[in-house]
Amino acid sequence: MTTVPPRQTLADGLEISRILTGLWQVADMEKDGATLDPEKAADDLDAYFSAGFSTFDMADHYGSAEIISGRLLARHGAGERPQIFTKWCPEPGPMTADVVRRGVQERLDRLGTDCIDLLQFHWWSFEHPAWLDALHEMTRLQHEGLIKALGVTNFDAAHLRLALSDGIPLVTNQVSFSMIDRRARGPLSQLCAERGVRLLGYGTLCGGFLSDRWLGKPEPEDISDWSKMKYKRFIDAAGGWSGFQGILSAASEIAGKHGVSIANVATRWVLEQDAVAGIIVGARIGEAEHIADNRKLFSFALDQEDRARLEDAFAGTDDVPGDCGDEYRKPPFLTASGDLSHHLAEMPLAHNAIAAPHRPDATKVLTGSDWEEIAGYCRAQKTGNRILVSGTTAVAGAARAVAPGDAGAQTTYILDKILAALTALGASANDVVRTRIYIVDEADVLDISRAHGRIFSEIKPANTLVVVAGLIGDHKVEIEAEALLADG
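When we follow our numbering, the leftmost residue of the sequence shown carries the number 186, and every step to the right adds one.
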């Protein structure tokens, strides 16, 4: 087999190396305030490029990674050149055309280019509906030629489906994917197969834990490396050190059979998943390069016996709970710090509760909809310990129906709006005791029910679902909810 990384086409005019060089460790290396020399660091990246590892992945918060990659780009003309992928991870808030353009322009300026090969978007909380506004604005900038292709990062299957059904031309979703974190093999991969989206897998080595150096070693007590702090939480979530060692032992047997490393087996397993276009392997610039070891990845393939041996080892671990991206959106946060303190000072509310002056014990949530003023209602009202949420449809902006042909996607968007109202009033999904669902097509029952179950499968509030003669416009579903707090 070849030792040159094979190529993968993501979009017209965008062909990538299936092994992407990840630059997240730049932030770790610069956390004490000393930045890397951009020209010297670009020399190191050029060595990867010359060896066929031509695609580099970074983000706005990876220290000076974009600047270093810009220096690399400047060395190559219009011919064969590196592919640069970056991410924009804004704080939740209004995503106006100006806000989005400034975010994209900053990426262009730091990279020193007039077009980003792949711009990936991350959003911290789907209760803040402006994420969809941002993606529509990014699509407009793509049409202007500022972005070659659009992707997202850490999106679960439900919200990736919602974005696609609302007309966003996404080509990739970058998610955690490893022999420890196998969530992406589920609904997300199925959706990608249906919609033609490809996955970019990161964390494939779990911060270096999936390597020969940890085979048979005792569980570490003190970890100072950010990446290892994060992925040790994944190991714990998957059942702990014993199960992890079982996977390492199986991978070691397979590595010995093929004359490669455990890291090679771990990365090869992810790369062979059908939905995966490429995997991202981190580079600690100037300190360690893994070009020779990464090349071995293409000198072998896993056979049926290898895959069966790994599945046996997986059976000795637990599934990481939730869907892809949940580690950033709900406790227990599987981040280095165990919360979002390295990313956000606080999570801003989508809406604020205000007093209801006609009732001294009442507060309400207004979302700014024109219809709230025209018809005289609020999104939700809390009286004592009871919260009532108005019938809610999938409306973005003043009156645009979101995902008009997809009832399941509309349900996802509606439930996000309901949860945002509850959060503003000090409640959560756990406090919901009743939902009522109105639909226009009986054929949509299963899709709507699955979207409802994604939120409420463990809570199981009382529920009513009825088929009605019609809803206004392109809305296929409307939902109202009632919540009860433990104390008033």
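Yeah, the Cβ is synthetic: ideal placement off N, Cα and C, and Gly gets one too.
Only a predicted model underlies this, so the values are computations on that prediction, with no experimental measurement involved.
The distance from the Cβ of L600 to that of I644 is about 12 Å, inconsistent with a contact at the 8 Å cut-off. Looking at H660, G393, G611 and Q193, the one whose alpha-carbon comes closest to that of Y623 is H660.
In this structure, A538 is the residue among A423, F340, V617 and A538 with its C-alpha nearest to the C-alpha of Q566. The beta carbons of L495 and M364 sit closer together than 8 Å. Counting C-beta atoms within 10 angstroms of its own C-beta, D626 has fewer than 16 neighbours from the protein chains shown and is therefore classed as exposed.
With 16 or more other CB atoms across the displayed protein chains lying within 10 angstroms of its CB, A460 is buried. A Cβ-Cβ distance of about 6 Å is found for the pair V289 and L331, placing them in contact under the 8 Å criterion.
If you look at L208, you'll find it isn't in any alpha helix (DSSP H); DSSP assigns it neither H nor E. In the three-state reduction of the DSSP assignment, G593 falls in the helix class. By the C-beta density criterion, V652 is exposed, having fewer than 16 other C-beta atoms within 10 angstroms.
Put simply, the backbone Cα of D591 is about 15 Å away from that of A581. Contact between G463 and S239 is ruled out by a C-beta separation of about 11 Å, above the 8 Å threshold.
Leaving aside the five residues that flank T324 on each side, the residues in its chain whose CB is nearer than 7 Å to its CB run, in chain order, L335, I353 and P354. Nearest Cα to R635 within the set A668, L604 and T596: T596.
Take S249, set aside five residues on each side of it, and the residues of its chain with a beta-carbon closer than 7 Å to its own are V211, E215, T220, L221 and P223, in chain order.
For Y562, there is no enclosing alpha helix (DSSP H), as DSSP marks it with neither H nor E. When DSSP reads this structure, A422 sits in no beta bridge, so it has no partner. Contact check for Q327 against F270 fails: the beta carbons are separated by 8 Å or more.
Under the three-state reduction of DSSP output, V461 falls in the strand class.
Below 8 Å, enough C-beta pairs join the stretch 660-669 and the stretch 572-586 to call them touching: three or more.
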